[in-house]
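Protein chains in written order, with this note's numbering: chain A, 24 to 165; chain B, 37 to 221.
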């Protein structure tokens, strides 16, 4: 016959194991977060971040790469790629580089109402620089 | 002065001729797959920069590592932080040449070209030779570039911890499906 103390310990361990199991399962199946619910670490204008990247990509990466940031700028171009992705490019005609904001699937319908020429604030994760400064999983803030 | 104008004119027209055979897209599609009996992992990047230059016989891709999207957040985090170290190595670049030059490429003619490409892939700070077959389809003035090839994680010093060693394939399949290449102006 087990003593009461040992019984409590076993039940406690069982509950703990189930708790860990549930946590591990949830963690394993976790989806990338919606940036609409994530705070940005920096706010910056499209022209400033484009300049920062064109002057020194490594320095700009140290500041922005992988960070959630809010970029304000004028919608210069809209690009719909085979209906699988929707991109809004922020910038102006003085610079061929833009901030290329790939809109999160959940926010595409809402993002489509912003026409070229409109000034918007976009929250996204900076993934680096190719021809444009790239922002991913974007959400247009009202 | 006249020589200068003539030279400028010549250079401009030469570069124009050269550019006429260059195509690019900023929305290239690159995905990769790892299949083991335990787990199937795939990720896609829809923002690859691709440039094909028939004059120079070249094909180039630049892809941002942080732009790869996974279904599961945890996989994406491990991929960036532990395996590919994307803060340190934010880009992967493929530079290749066609084994035979493509002469007289015409956008207005619907056809499919199968080309051998030899090049180098820089990933995780390591550059290795890669050879593959690329298929270029021209249809209604739209070029699509397709290719499949495999790489070994060990070639690029990508270390997977033993605890998930059976979940991740040692060999990764890479698929390129890049549509709507535009002519460079």
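Glycine is no exception: its CB is placed at the ideal position from the N, C-alpha and C atoms.
- Rounded to the nearest whole angstrom, the C-alpha separation of residue 34(A) and residue 46(A) is 18 Å.
- For residue 61(A), the closest alpha carbon among the candidates 92(A), 118(A), 116(A), 142(A) is that of 92(A).
- In the DSSP assignment, residue 52(A) falls outside any beta strand (DSSP E), carrying neither H nor E.
- By the C-beta criterion, the region 78-87 of chain B is judged to be in contact with the region 101-112 of chain B, since at least 3 inter-stretch pairs fall below 8 Å.
- Under the Cβ distance rule, residue 181(B) does not count among the residues neighbouring chain A, no pair being separated by less than 8 Å.
- Annotation: residue 151(A) to residue 155(B) spans about 24 Å, alpha carbon to alpha carbon.
- The beta-carbon of residue 50(A) is placed less than 8 Å from the nearest beta-carbon of chain B.
- Using beta-carbon distances, residue 77(A) does not count as an interface residue toward chain B, since no partner is under 8 Å.
- Residue burial annotation: residue 140(B) is exposed, with fewer than 16 other C-beta atoms found within 10 angstroms of its C-beta.
- Collapsing the DSSP output to three states places residue 112(B) in a helix.
- The beta carbon of residue 146(A) sits no closer than 8 Å to any beta carbon of chain B.
- By alpha-carbon distance to residue 136(B), the top candidate from 88(B), 153(B), 128(B), 120(B) is 153(B).
- In this structure residue 108(B) is not in contact with residue 205(B), their Cβ atoms being roughly 16 Å apart against a cut-off of 8 Å.
- Under the 10 Å beta carbon count, residue 99(B) is surrounded by 16 or more other beta carbons and is classified as buried.
- Annotated three-state conformation of residue 84(A) is helix, per DSSP.
- Here residue 187(B) has 208 as same chain residues with Cβ atoms under 6 Å from its own Cβ, once five neighbours each way along the sequence are excluded.
- In the structure shown, residue 158(A) falls within a strand segment according to DSSP collapsed to helix, strand and coil.
- Excluding five sequence positions before and after residue 57(B), the CB atoms of its chain that fall closer than 7 Å to its own CB belong to 89, 90, 91, 141, given in chain order.
- Residues of chain B with a Cβ closer than 9 Å to the Cβ of residue 84(A) are, in chain order, 123, 126.
- For residue 99(B), no alpha helix (DSSP H) run applies; the uninterrupted beta strand (DSSP E) run containing it begins and ends at 94-100, by DSSP.
- Closest in alpha carbon position to residue 157(A), among 80(A), 53(A), 37(A), is 80(A).
- By the neighbour-count criterion, in which a residue is buried when 16 or more other Cβ atoms sit within 10 angstroms of its Cβ, residue 74(B) is exposed.
- Cβ-Cβ separation between residue 126(B) and residue 74(A): approximately 19 Å, too far for a contact (criterion under 8 Å).
- Around the Cβ of residue 120(A), a 10 Å sphere holds 16 or more other Cβ atoms; the residue is buried.
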